[in-house]
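Written out below as structure tokens is the structure these notes cover.
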Amino acid sequence: PGFNSLASWAVFFLLLWTFSEGGKLLVVPIDGSHWLSMHPIVERLRQRGHEITVVAPEINLRIDSSVHYTMKTYSVSYTKEYVEAEFKKLGYRSFTPQPFMEKFSKMANITTMFFDSCKRLLSNKKLIEYLEESKFDAVFMDPFFPCGQIVAEHLSLPSVYLVRGLPCSLDFHATLCPNPPSYVPRFFTHYTDRMAFLQRTGNLIASLSSSLACSLLYSPYDRLIKEFLQQEATVLELFSHASIWLMKYDFVFEYPRPLMPNMVLIGGVSCTQEKALSQEFEAIVNASGEHGIVVFSLGSMVSEIPMKKATEIADALGSVPQTVLWRYTGEVPPNLPKNVKLVKWLPQNDLLAHPKTRAFITHGGSHGVYEGICNAVPMVLMPLFGDQMDNAKRVESRGAGLTLNILEMTSKDISAALKAVINDKK
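According to mature numbering (1 follows the signal peptide of the UniProt record, and there is no 0), the stretch in the sequence shown is residues -22 to -1, 1 to 404, in order.
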């Protein structure tokens, strides 16, 4: 099936347990870009007659109330200002060299925040009683942090995961899926499926050493499982109970890898049918003439860039004849060229689908990468953190884009890469 039908297939597999009547679905999402992939599926489920309840912390960035679902919130110990500041720091500091331990400590702040949120959810007796009395049919969740699965275990409900991948290959381990290091590259290695001997050795070492990272990340949840469920179990054991894994994978982008029967590939689920552009954006696109436009977004977590780097980027963008739509809310670079339009928000998929779009500058998040692939737009990738480096490597290995090192790139590098993806037809 085409990319535009993938959302429908995702819904089909999600609803295997019921065909004749609408069901009751509990949704436990993760805030931020993860919610962007889950949200359209939740909306489609509601349109098909299912009753949806979304449980989320009262302080979040992306998960808003909607006519498509009932929203249940619980209190947390942090403020919205704290959340915004932590994510802003994570994005901003990606542009400056930092010692590993400093980067690790910043990520630890965010993981601690998610863990605190989970504890608050499980200790909210009134909310847990509501969930018990609601008689849901299943739990739909993002398992990157396992709180949703703990709730599913408590309610004795089947669980459906929406996932791109889990740290330390836990998705492989939980499903007993083969994961040969000879050709399945581990996240954060930046390897492809074509590895030389030394790379395969490094890939194997990465596999063995990742268990320590998982121990640090998930051991607090093991204690929480014991406390809340009154049983000795690990996060891995709970993950193994999932009924269906909706994998944000497609082999047009991913490297070859084994799969299990309960893994359903829905890569590109965010590539919905494009909508008509607003008058504002339509006017900008039409005014670009024969040269067309470039879409530039580094994701929702990057609101500001160090001025030195922003100035270099602006200088490079002025070297191409295309109109550049740059999603950016930081301080305006003093050398911003006339062909660059700064916007606080842009309809990314709709712009990428426009025939006048010539290139896409992106941080390499899987959501945006699939939108670029779906709409056949060549990419310049500026990965910042997480799996974005590996995503960029996949795009480049497929000949669909070029990757720049965010710490080392110069104005000339950006300009050369942008001109290459626009002008070099493959």
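Backbone N, C-alpha and C define an ideal beta-carbon position, used for all residues, glycine too.
Just so you know, these numbers come straight off a predicted model, no measurement behind them.
Q. If you draw a straight line from the alpha carbon of SER266 to that of PHE274, how long is it in whole angstroms?
A. 15 Å
Q | TYR47 - partner residues in DSSP beta bridges | A | SER44
Q: Figure out for me which residue from ARG336, GLU215, PRO136 and MET225 has the closest Cα to the Cα of ASP115.
A: PRO136
Q: Ignoring anything shorter than 4 residues or poking outside the stretch 196 to 282, list the alpha helix (DSSP H) runs there in chain order.
A: If we require 4 residues or more, the alpha helix (DSSP H) runs fully inside the stretch 196 to 282 come out as 213 to 217 and 257 to 265.
Q: Consider the C-beta atom of LYS334 and the heavy atoms of the ligand SAM; say whether any pair is separated by less than 6 Å.
A: The ligand SAM is not among the ligands present in this structure, which contains no ligands whatsoever.
Q: With a threshold of 16 other CB atoms inside 10 Å of the CB of THR(-5), please say whether the residue is buried or exposed.
A: In this predicted model, THR(-5) has a pLDDT of only 47, less than 50, meaning its place in the structure is not dependable enough to derive any value.
Q) Under a three-way DSSP split, which group does TRP304 fall into? A) strand
Q) In three-state DSSP terms, what is GLY346? A) helix
Q) Which word fits CYS108, buried or exposed, when buried means at least 16 other C-beta atoms lie within 10 angstroms of its C-beta? A) The question names Cys, but residue 108 is Tyr in the sequence shown. Its Cβ having fewer than 16 others within 10 Å, TYR108 is exposed.
Q.
In this structure, how does DSSP classify PHE123 when only helix, strand and coil are distinguished?
A. coil
Q) Can you pull the DSSP bridge partners for TYR139? A) TYR139 is bridged by DSSP to MET119 and TRP223.
**Q.** Sequence-distant residues of its chain with Cβ nearer than 7 Å to ARG24 (five each side left out)
**A.** If we look at ARG24 and ignore the five residues flanking it on each side, its Cβ neighbours are ILE30, HIS46 and TYR47.
Q: Please name the residue, chosen from ALA292, THR89 and ASN157, that lies closest to PRO124 on a Cα-to-Cα basis.
A: THR89
Q. What's the call for PRO(-22), buried or exposed, on a 16-neighbour Cβ count within 10 Å?
A. The predicted position of PRO(-22) is uncertain, since its pLDDT is 49 and thus under 50; no value can be drawn from it.
**Q.** Per-residue burial, MET367 [other beta carbons within 10 Å of its own, 16 or more giving buried]
**A.** buried
Q. When you compare each of GLU252, ILE222 and LEU39 to PRO239 by their alpha carbons, which one comes out closest?
A. ILE222
(Q) Can you tell me where the alpha helix (DSSP H) holding PHE285 begins and where it ends? (A) In the sequence as presented, Phe is not what sits at residue 285; that position holds Met. Taken as a continuous stretch (DSSP letters only), the alpha helix (DSSP H) holding MET285 covers 285 to 295.
Q. Since residue 410 and SER11 are thought to touch, with beta carbons under 8 Å apart, how far apart are those beta carbons, to the nearest angstrom?
A. This structure does not reach residue 410, given that the chain is present from -22 up to 404, and the question cannot be answered.
Q | LYS319 (DSSP reduced to helix, strand or coil) | A | Note: LYS319 maps to strand in three-state DSSP.
Q | Collapsed DSSP secondary structure at MET360 in the structure displayed | A | DSSP, read as helix, strand or coil, puts MET360 in coil.
**Q.** Rounded separation between GLY308 and VAL129 - CA only
**A.** The alpha-carbon atoms of GLY308 and VAL129 are separated by roughly 39 Å.
Q. Which runs of the beta strand (DSSP E) fall wholly inside the stretch 2 to 67 and span at least 3 residues, in chain order?
A. 2 to 6, 29 to 35 and 48 to 52
(Q) Looking at VAL355: is its Cβ nearer than 7 Å to the Cβ of PHE338? (A) yes
Q.
Suppose contacts are defined by Cβ-Cβ distances below 7 Å. Is SER248 in contact with TYR139 by that definition?
A. no
Q: Quick one: grab the DSSP three-state call for ALA378.
A: Assignment of ALA378 by DSSP, reduced to helix, strand and coil, places it in the coil class.
Q. So LYS334 and ILE271 are in contact, right, with Cβ under 8 Å, and what is the actual spacing, rounded?
A. Between LYS334 and ILE271 a beta carbon distance of about 6 Å is seen, short of the 8 Å cut, so the two are scored as contacting.
**Q.** Range covered by the beta strand (DSSP E) that runs through residue 417
**A.** There is no way to answer for residue 417, as the model of the chain reaches only from -22 to 404.
**Q.** Residue closest to GLU260, alpha-carbon to alpha-carbon, out of LEU324, ASN369, ARG305 and PRO315
**A.** LEU324
**Q.** C-alpha distance - CYS96 paired with VAL61, whole-angstrom precision
**A.** 15 Å
Q) Residue range of the alpha helix (DSSP H) that THR153 falls in? A) For THR153, the enclosing alpha helix (DSSP H) begins and ends at 148 to 153.
(Q) Starting from GLU107, trace the alpha helix (DSSP H) in both directions and tell me its first and last residue. (A) 103 to 111
Q: Determine the contact status of HIS341 and LEU276, defining contact as a CB-CB distance below 7 Å.
A: yes
**Q.** C-beta neighbour in chain D for GLN208, strict 7 Å
**A.** No chain D appears in the structure shown, which is made up of a single protein chain.
Q) Where does ALA331 sit, in a helix, a strand or coil, going by DSSP? A) coil
(Q) Looking at the secondary structure, which residues open and close the alpha helix (DSSP H) in which ASP401 lies? (A) Note that residue 401 corresponds to Asn in the displayed sequence, not to Asp. That run of the alpha helix (DSSP H) goes 389 to 401.
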